[in-house]
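**Student:**
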Amino acid sequence: LYANGGSSTTWADARLYCDEEAQEDLARVTARTEETWMQVGETSAINVTGYIGRVGWGGLQNIKADLTNATITYSSSDESVARVENGAIVAVADGTATITCNVELDGVTQSTTLDVIVGNGTEDSWTAVSPDGSIKTLFTLRDDGSVVFATSRDGNTVIGASPTGLVTNLGDFRTGLTFVDSKTETVTDSYDLIGAKKSHVDATGTELTMSFEKDGVTYRIVSRVYDDGMAFQYQIEGQEGEELTISSEATGFLMPDGSVAQTMDFDKANEERYYQKEIEELEGGYCMPLLYETENGDWALLSEAALTPQYSGGQIVGHDSGMLDVVFSPEQFSDIVTTAPFVSPWRFMVIGDPADIAENTLAETLNPDCAIEDTSWIVPGAVDWTWLNGDLRHDNLPEGTTWEETAPELYKQYIDFAVEMGWKYQLLDEGWQPRVYNRGNDLYDGYYDWMQEVLDYAEEKGVGLIVWANKRDLDTPEERERIKEWADMGIKGIKPDFFDSQSQEIIQLLDILTKEAAENHLLINIHGAGKTTGERRTYPNAICREAVSGGESCWNDAYFDCMLPFTRFAVGGADFTPMASYGNTFGNKTVTQAHLVAETIMFECGIQTMADKPAVYRAHVAYENLFKNIPTSWEDSILLDGDPGHYVNMARTTGDDWYVSLLANEARTAAFNLDFLDDGATYTAYIF
Numbered sequence: 280l281y282a283n284g285g286s287s288t289t290w291a292d293a294r295l296y297c298d299e300e301a302q303e304d305l306a307r308v309t310a311r312t313e314e315t316w317m318q319v320g321e322t323s324a325i326n327v328t329g330y331i332g333r334v335g336w337g338g339l340q341n342i343k344a345d346l347t348n349a350t351i352t353y354s355s356s357d358e359s360v361a362r363v364e365n366g367a368i369v370a371v372a373d374g375t376a377t378i379t380c381n382v383e384l385d386g387v388t389q390s391t392t393l394d395v396i397v398g399n400g401t402e403d404s405w406t407a408v409s410p411d412g413s414i415k416t417l418f419t420l421r422d423d424g425s426v427v428f429a430t431s432r433d434g435n436t437v438i439g440a441s442p443t444g445l446v447t448n449l450g451d452f453r454t455g456l457t458f459v460d461s462k463t464e465t466v467t468d469s470y471d472l473i474g475a476k477k478s479h480v481d482a483t484g485t486e487l488t489m490s491f492e493k494d495g496v497t498y499r500i501v502s503r504v505y506d507d508g509m510a511f512q513y514q515i516e517g518q519e520g521e522e523l524t525i526s527s528e529a530t531g532f533l534m535p536d537g538s539v540a541q542t543m544d545f546d547k548a549n550e551e552r553y554y555q556k557e558i559e560e561l562e563g564g565y566c567m568p569l570l571y572e573t574e575n576g577d578w579a580l581l582s583e584a585a586l587t588p589q590y591s592g593g594q595i596v597g598h599d600s601g602m603l604d605v606v607f608s609p610e611q612f613s614d615i616v617t618t619a620p621f622v623s624p625w626r627f628m629v630i631g632d633p634a635d636i637a638e639n640t641l642a643e644t645l646n647p648d649c650a651i652e653d654t655s656w657i658v659p660g661a662v663d664w665t666w667l668n669g670d671l672r673h674d675n676l677p678e679g680t681t682w683e684e685t686a687p688e689l690y691k692q693y694i695d696f697a698v699e700m701g702w703k704y705q706l707l708d709e710g711w712q713p714r715v716y717n718r719g720n721d722l723y724d725g726y727y728d729w730m731q732e733v734l735d736y737a738e739e740k741g742v743g744l745i746v747w748a749n750k751r752d753l754d755t756p757e758e759r760e761r762i763k764e765w766a767d768m769g770i771k772g773i774k775p776d777f778f779d780s781q782s783q784e785i786i787q788l789l790d791i792l793t794k795e796a797a798e799n800h801l802l803i804n805i806h807g808a809g810k811t812t813g814e815r816r817t818y819p820n821a822i823c824r825e826a827v828s829g830g831e832s833c834w835n836d837a838y839f840d841c842m843l844p845f846t847r848f849a850v851g852g853a854d855f856t857p858m859a860s861y862g863n864t865f866g867n868k869t870v871t872q873a874h875l876v877a878e879t880i881m882f883e884c885g886i887q888t889m890a891d892k893p894a895v896y897r898a899h900v901a902y903e904n905l906f907k908n909i910p911t912s913w914e915d916s917i918l919l920d921g922d923p924g925h926y927v928n929m930a931r932t933t934g935d936d937w938y939v940s941l942l943a944n945e946a947r948t949a950a951f952n953l954d955f956l957d958d959g960a961t962y963t964a965y966i967f
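Sequential numbering from 280 applies to the sequence shown in the numbering used here.
1) For Asp936, write down the residues that DSSP places opposite it in a beta bridge.
2) Which word fits Cys566, buried or exposed, when buried means at least 16 other C-beta atoms lie within 10 angstroms of its C-beta?
3) With 16 other CB atoms within 10 Å as the buried threshold, where does Asn835 fall?
4) Name the DSSP bridge partner or partners of Trp290?
5) With DSSP run on the structure shown, which of helix, strand or coil describes Val876?
6) Closest to Thr454 by CA distance: which of Ser425, Gly474, Ile378 and Ser441 is it?
7) Do Ile785 and Asn804 count as a contact pair if the criterion is CB distance below 9 Å?
8) With a threshold of 16 other CB atoms inside 10 Å of the CB of Gln712, please say whether the residue is buried or exposed.
9) From Thr347 to Tyr330, what distance separates their C-alpha atoms?
10) Determine the DSSP secondary structure at Met842, reduced to helix, strand or coil.
11) DSSP on Tyr565, reduced to helix/strand/coil?
12) First and last residue of the alpha helix (DSSP H) that includes Asp635?
13) Taking the straight line between their C-alpha atoms, what separation do you get for Ala310 and Pro535?
14) Could you tell me the alpha carbon to alpha carbon distance between Arg816 and Leu843, rounded to whole angstroms?
15) In the DSSP output, what is Leu586 paired with across the bridge?
16) So is Gly508 buried or exposed if we call it buried at 16+ other beta carbons inside 10 Å?
17) State buried or exposed for Ile745, treating a residue as buried only when at least 16 other CB atoms are found within 10 Å of its CB.
18) Quick one: grab the DSSP three-state call for Ile822.
19) Quick one, which of Ala510, Glu814, Lys810 and Gly320 has its alpha-carbon nearest Glu825's?
20) Expressed to the nearest angstrom, what Euclidean distance is found between the alpha-carbon atoms of Gln705 and Ala737?
21) Using the DSSP secondary-structure output, state which residues sit across from Trp625 in a beta bridge.
22) Figure out for me which residue from Gly830, Ala837, Tyr861 and Gly862 has the closest Cα to the Cα of Ala853.
23) Helix, strand or coil for Tyr902, going by three-state DSSP, please let me know.
24) Tell me the DSSP bridge mates of Cys833?
25) May I have a chain-ordered list of the alpha helix (DSSP H) segments no shorter than 4 residues that lie completely inside the stretch 669–748?
26) Within a Cβ cutoff of 8 Å, which residues of the same chain sit near Pro819, ignoring the five residues on either side of it in sequence?
27) For His479, does the count of other Cβ atoms within 10 angstroms reach 16, so buried, or fall short, so exposed?
28) Quick one: what does DSSP say Thr347 is sitting in, helix, strand or coil?
29) For Thr242 and Lys794, what's the separation of their Cα atoms in angstroms?
30) Can you check whether the CB of Ala510 is closer than 9 Å to the CB of Arg503?
So this is what it looks like as structure tokens:
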């Protein structure tokens, strides 16, 4: 019996019956090895761990068993491929094998298995290699018709032997596949991004398409390998328009033994913190993206790209074997329902050193090209905000005032301040519309008498208005008519909130909102929803998204901030809403004020939400030469140095200017080369 998050739960007569003697028995075992994709002649030691089934406060405990007196035996499904000698796997010949480990302790025997790929795999194996030759992915069809894969970087395994597959009404594609054909080709992408960490991306990769057949249905695995990572997706041909239901996904990514992960406990809005975990500590659901480092020093970031209405968002389920299973987000309570032909989201892994992780644009590269013909109306820029700093909140008005008299005057003051600062937008947050409780699904509807006055004032001053909305007021076609109405009024963007799900239904709604916003030339800043999946390449009006524990969180610390450029911000911009002082409504922070200033450059966002009070910015040493006209769109971003969770030095450029942001968790002296500056040019440095 389990309840998580902010739920209020009552269990009726819940009882747990335990056999106390059985709680001393060996309950399960795990076996891990650093290399499960081995070359002929190599050996890899097996690490066996046993657990007893003791129940305690919090449920079943992972109590390690003492295996000193245990009897451990091994067997191989094919000793001509791999065998075990003295507790180590010996790679004998190309192929695949399953190693079974039996552990007997005090009369109780438990078993576990390890899948191993040796050399070039079986006769039905296919390899894709990155253009620079550093990253190599091998897929192999096993005797039972299942397809497993593994990936290496410079000869070191980064993803061990891992499963693939989907379970659908048209077939269970985990096993029983028959190979049809394969093809390998070079894929190139050249595209622009708006309000991102790079303005232009050129990407070249190797694409491997493997076609299989089962029960008359064509099933494909399409893989791409780039110099900084790999990805693959599933395709099911079927009959055009034929209903397709998907009950589960069987994708896994095996971390090599000895890897260390940075995980975020699953949260429906991706707003938890990252925690470091050894493999044996992995248990339960985690958010994407997930980062880990292997013993060889290779870094890998796991996430998904090109998430469409054909599917739900995913979560990662970790196991103390090191396997990271990709499954439906837990808000998806039923099968995925779609039609053939079907294309799944990409499961991708950025692979390399910290710079490869922080600088990558793989999520965008895996998305379709821009669907908006004229993007001239999509203008990045800073946005002024009244909510977090407490200046104007519907639920926190100054004593003796009313919303009707306070809101218009304060909004006009903030619009004036946006002009003073060279910021392009003003955000009208919750409360800009009257609250309504008796009109079916509507929470907010209509406008205050002062709305036209504020609209006219903003237009006169050249400041665009972005308005907040509850997703419940936009989830039907009739309610979404207000999107065109807002655009006709002169509003420039919307900030829909409280999606709190990655179910297929919500992914469909997000797709509709993004497209309807684009049709009406509106920016969209999605809040209370899952991570980005590279959609800003296709719809650049989706200029940012929340999916981060940002400035309004009272528990962020420097470790978390130094992790974000290698996790959440590595897959797309995020609306962090940085502050510039401690004087906010959520209490003190655990970082310095210099650290807060550095967040405004470190944390990429196409419409950076400046969350502090005008008086704070005016009194700040960075007022004139940083906060004024602060850029939110970058031509390029370079990681000068970084160690996830510990420190990060990022350089970003726009025009003739470079901005260098440094964050650190532990005190350090940062030294870096200025060779990114133009030769022969003269620069003036402002240091805060």
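Note that CB positions come from ideal geometry on N, CA and C, so glycine has one too.
**Tutor:** Result, derived from the coordinates:
1) According to DSSP, which records beta bridges pairwise, Asp936 is partnered with Thr933.
2) Buried: at least 16 other Cβ atoms inside 10 Å.
3) The residue is buried, with at least 16 neighbouring Cβ atoms inside 10 Å.
4) Beta-bridge pairing links Trp290 to no other residue.
5) Here Val876 sits in helix by DSSP.
6) Here the closest residue by C-alpha is Ser425.
7) Against a cut-off of 9 Å, the Cβ pair of Ile785 and Asn804 comes out as no contact.
8) Burial call: buried.
9) Within the model, the alpha-carbon separation for Thr347 versus Tyr330 is close to 13 Å.
10) The answer is helix: DSSP assigns Met842 an H, G or I state.
11) Reduced to three states, the DSSP call for Tyr565 is strand.
12) Counting along the chain, Asp635 sits inside the alpha helix (DSSP H) bounded by residues Pro633 to Glu638.
13) Each residue's Cα considered, the two are about 11 Å apart.
14) If I take the Cα positions, the gap works out to 21 Å.
15) Its beta-bridge partners do not exist; DSSP assigns none.
16) The residue in question, Gly508, is buried, as its Cβ has 16 or more Cβ neighbours within 10 Å.
17) It is buried - the Cβ of Ile745 has at least 16 other Cβ atoms within 10 Å.
18) Reduced to three states, the DSSP call for Ile822 is coil.
19) For the residues Ala510, Glu814, Lys810 and Gly320, the minimum Cα distance to Glu825 belongs to Lys810.
20) C-alpha separation (whole angstroms): 8 Å.
21) Beta-bridge pairing links Trp625 to Ala584.
22) Minimum Cα-Cα distance from Ala853 among the listed residues Gly830, Ala837, Tyr861 and Gly862 corresponds to Gly830.
23) Tyr902: helix per DSSP, three-state reduction.
24) Cys833 has no beta-bridge partner at all, per DSSP.
25) Positions of the alpha helix (DSSP H) runs, each at least 4 residues long and wholly inside the stretch 669–748, are given as 682–700 and 730–740 in order along the chain.
26) Only Leu472, Ile473, Gly474, Cys649, Ile651, Thr654 and Ile657 meet the Cβ criterion.
27) So His479 counts as exposed.
28) The answer is coil: DSSP assigns Thr347 none of H, G, I, E or B.
29) Outside the displayed span of the chain (280 to 967) sits residue 242, for which this structure offers no information.
30) Contact: yes.
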